[in-house]
Amino acid sequence: MGRICCVTVAVLMLAGSIVAAAEERTLTRSESERYNKLTHELIAPCCWREAIAIHRSEESIQMLDEVEQLVIAGRSEQEIKAIYVARYGVRILADPPGRAGQWLYVVPFALLGCLLLLATLRLRSMVALGAPPLLHAPAELMAQVRMETESEWN
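Residues 60 to 213 in our numbering are what the sequence shown spells out, letter by letter.
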C-alpha cells in the first residue's frame with residue numbers, strides 16, 4: 060500500500076512539473092509571429108473597437124492567453140479564427156471575409172468621380188449660359204457704353 064502511494068505521489072509530481080513546464084514555455088519565433096498576427100486580427104468583444112493586442116479589458120486579456128495556448132498547441136490561424144468566429148460571429152475579425160470590405164475602397168472614389176463629373180457639367184452649363192458677347196449687344200446699349208467710356212479712351 061505504501062508503494063502505491065509513493066508511485067501515485069511521484070506521478071502527480073511529474074504531471075505537475077510537465078504542466079508547469081508547458082505553462083512556462085515561451086513561443087518560438089514563428090509562433091510569436093503567428094500570435095502577433097492573430098492578436099491584431101481579432102477584435103475585443105467587450106466594445107468591438109480595438110484589436111485584442113491593444114485593448115486591455117479582462118475579456119481581451121483572457122483571449123490573449125487563449126490565443127497563446129492555442130498557438131502553443133499547434134493550431135493553425137484558420138482554426139483559431141474559426142473558434143472565435145463560432146463563439147462571437149464574424150464581427151470578431153478585424154478584416155471579415157467577403158466582398159463587403161471592398162465597397163469601402165470603391166465607394167469613396169466612385170463618389171469623388173461623380174462629384175467631379177457633376178461639377179464639370181455645371182461649370183460648362185454656366186459658361187454656356189453666360190452673358191452674350193458685346194458684339195451682339197443691342198445698339199442702344201453699345202451707344203450708351205461708348206458715351207460713358209469715351210473720356211477714358213481719349
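We put the beta carbon where it would ideally sit given N, CA and C, even for glycine. Keep in mind the model is a prediction, meaning the values are calculated, not measured.
According to DSSP, residue pairing for I102 in a beta bridge involves A110. For L86, the three-state secondary structure derived from DSSP is coil. DSSP, reduced to helix, strand and coil, places L97 within a helical segment of the structure shown.
Counting other Cβ atoms within 10 Å of its Cβ, H195 stays below 16 and is therefore classed as exposed.
Put simply, the segment 125-136 touches the segment 96-108. At least three CB pairs are less than 8 Å apart. The Cβ atoms of P104 and Y147 sit closer than 8 Å to each other.
Taking Y143 as reference, the option from V126, M185, P156, G172 with the minimal CA-CA separation is V126. Within the model, the alpha-carbon separation for S184 versus W107 is close to 48 Å. By the CB criterion at 8 Å, I120 and E90 fall outside the cutoff. With contacts defined by Cβ atoms closer than 8 Å, A153 and A112 do not form a contacting pair. DSSP places R134 outside any alpha helix (DSSP H), giving it a letter other than H or E. In this structure, the alpha-carbon of R115 lies about 50 Å from that of T179. L171 sits exposed, since fewer than 16 C-beta atoms from the chains shown fall within 10 Å of its C-beta.
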